[in-house]
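Notes follow the structure.
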Amino acid sequence: MNPILKKSIITAATIVGVATSALAGPLMDRIESGETIRIGFSNEVPWAYPGNNNEPLGFANAHALGVLKSMGYENIEPVVTEWGGLIPGLKANRIDIITGGMYILEARCENIDFAEPLGVFGDAFLVAAGNPKGLETYVDIRDSGSIMVTGAGYNTIEAGKNEGLSDEQIMQVPGPTEILAALKAGRADAGAASYFTLLGLAEESGGTLEVSDPTALPDWTQNWVGIGFDKADTDFLEAFNAAQAEYLGSEQMLADVGPFKYTRSQLPDESITTEWVCANR
65 MNPILKKSII
75 TAATIVGVAT
85 SALAGPLMDR
95 IESGETIRIG
105 FSNEVPWAYP
115 GNNNEPLGFA
125 NAHALGVLKS
135 MGYENIEPVV
145 TEWGGLIPGL
155 KANRIDIITG
165 GMYILEARCE
175 NIDFAEPLGV
185 FGDAFLVAAG
195 NPKGLETYVD
205 IRDSGSIMVT
215 GAGYNTIEAG
225 KNEGLSDEQI
235 MQVPGPTEIL
245 AALKAGRADA
255 GAASYFTLLG
265 LAEESGGTLE
275 VSDPTALPDW
285 TQNWVGIGFD
295 KADTDFLEAF
305 NAAQAEYLGS
315 EQMLADVGPF
325 KYTRSQLPDE
335 SITTEWVCAN
345 R
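When we follow my numbering, the leftmost residue of the sequence shown carries the number 65, and every step to the right adds one.
Structure representation (structure tokens):
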């Protein structure tokens with residue numbers, strides 16, 4: 065081979081190699097070096113929660129693990145933290161992927177990237193059995209001067225404020241366990257969270273609490289859930305989205321998430337993209 069041509073080919077190959085390396089995000093670098101994929105979630109039943117030895121349970125975890133498995137990745141490390149620590153943990157490189165069942169919201173999209181939606185869900189309130197104060201909407205809570213308890217970092221904080229709730233009417237606690245405790249102790253009148261989360265808490269209350277009708281809330285409170293990624297991991301996110309497109313709604317996926325109350329009715333419309341949700345929620 066002509067020495068000049070040979071040198072040109074080697075140089076081109078080197079440039080391609082450098083470019084490919086530059087495109088690889090931190091997560092892909094970790095995988096290629098044999099390290100685990102650290103999935104971060106909180107204790108949000110039935111979305112994502114820890115079992116024995118922090119085993120990742122819940123439908124958001126089951127979905128994420130199913131997609132990762134289809135991509136050939138099974139070297140997974142669960143990292144359990146409080147809900148409010150998930151995004152900071154991702155940005156601080158303590159976790160690689162947020163699998164906690166997080167709503168895609170504009171404020172969150174400014175800090176992290178989301179995969180395409182894995183489902184659409186609504187919120188509700190946990191109230192005393194019989195709902196004696198008639199708390200079905202944020203307006204009901206506002207006008208009655210009631211106290212709403214919800215999780216720190218939950219979307220329901222902003223939703224309540226949008227409907228006129230004052231800071232004094234919104235009690236923020238770490239998560240579902242504390243929401244239930246506040247209601248049982250009479251420190252709050254309504255607990256705000258996702259409908260699925262509240263169903264589990266109502267069961268734990270032994271019949272003293274019930275879940276309000278989620279359809280009583282306006283359409284704008286409907287939310288889409290996605291798996292969260294660091295903005296530096298666009299290469300991995302693109303591969304994840306491609307694999308998820310094949311997995312979402314498949315019989316395998318529905319079998320994986322079925323034990324955790326997710327059904328076909330939660331499947332998102334294919335026309336709703338993460339870009340749209342980020343701009344509209």
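We put the beta carbon where it would ideally sit given N, CA and C, even for glycine.
No experiment lies behind these values; they were computed from the predicted model shown.
query	result
Would you tell me roughly how many angstroms separate the C-alpha atoms of ASP93 and LYS295, rounded to the nearest one?	15 Å
With a threshold of 16 other CB atoms inside 10 Å of the CB of PRO332, please say whether the residue is buried or exposed.	buried
With DSSP collapsed to three states, give me the class of SER230.	coil
To the nearest angstrom, how far is it from the Cα of GLY292 to the Cα of ASN117?	23 Å
Just the Cα atoms here: how many angstroms apart are GLY149 and LEU121?	19 Å
With a CB to CB cut of under 7 Å and the five nearest residues on each side skipped, what residues in its chain are close to GLU146?	SER106, PRO238 and GLY239
Classify LEU199 as helix, strand or coil using the three-state DSSP reduction.	coil
To the nearest angstrom, how far is it from the Cα of ALA124 to the Cα of ALA343?	23 Å
For the candidate residues VAL144, LEU312 and GLU310, whose alpha-carbon lies nearest to that of GLY115?	VAL144
In angstroms, rounded to a whole number, what distance separates the CA positions of ALA309 and THR338?	13 Å
Classify VAL109 as helix, strand or coil using the three-state DSSP reduction.	coil
Could you tell me which residues DSSP puts in a beta bridge with ASP160?	Looking at the DSSP assignment, ASP160 forms no beta bridge with any residue, so it has no partner.
Kindly indicate which three-state DSSP category TYR326 falls into: helix, strand or coil?	coil
Taking Cβ to Cβ, would you say PRO278 is nearer than 8 Å to TYR259?	yes
Report yes if the CB atom of GLY290 is closer than 8 Å to the CB atom of LEU182, and no otherwise.	yes
At the level of alpha carbons, what is the spacing between GLY224 and TRP111?	22 Å
Which one of ALA252, GLY194 and LYS248 has the shortest CA to CA distance from ILE205?	ALA252
Helix, strand or coil: which one does DSSP assign to SER97?	coil
With DSSP run on the structure shown, which of helix, strand or coil describes GLU348?	The structure shown does not extend to residue 348, since the chain spans only 65 to 345, so no value can be given for it.
Shortest alpha-carbon distance to GLU113 belongs to which of MET166, GLU96, ARG158 and VAL131?	The displayed chain sequence assigns Tyr, not Glu, to residue 113. Cα-wise, what sits closest to TYR113 is MET166.
Let me check understanding here. Comparing Cα to Cα, which of SER335, ILE103 and ALA256 lies closest to VAL275?	ALA256
What first and last residue would you give for the beta strand (DSSP E) that runs through TRP288?	287-293
Where do the N-terminal and C-terminal ends of the beta strand (DSSP E) with PRO186 fall, by residue?	Before going on, a small fix: residue 186 reads as Gly here, not Pro. Neither: GLY186 is in no beta strand (DSSP E) and is coded neither H nor E.
May I have the straight-line CA-CA distance separating GLU138 from GLY153, to the nearest angstrom?	21 Å
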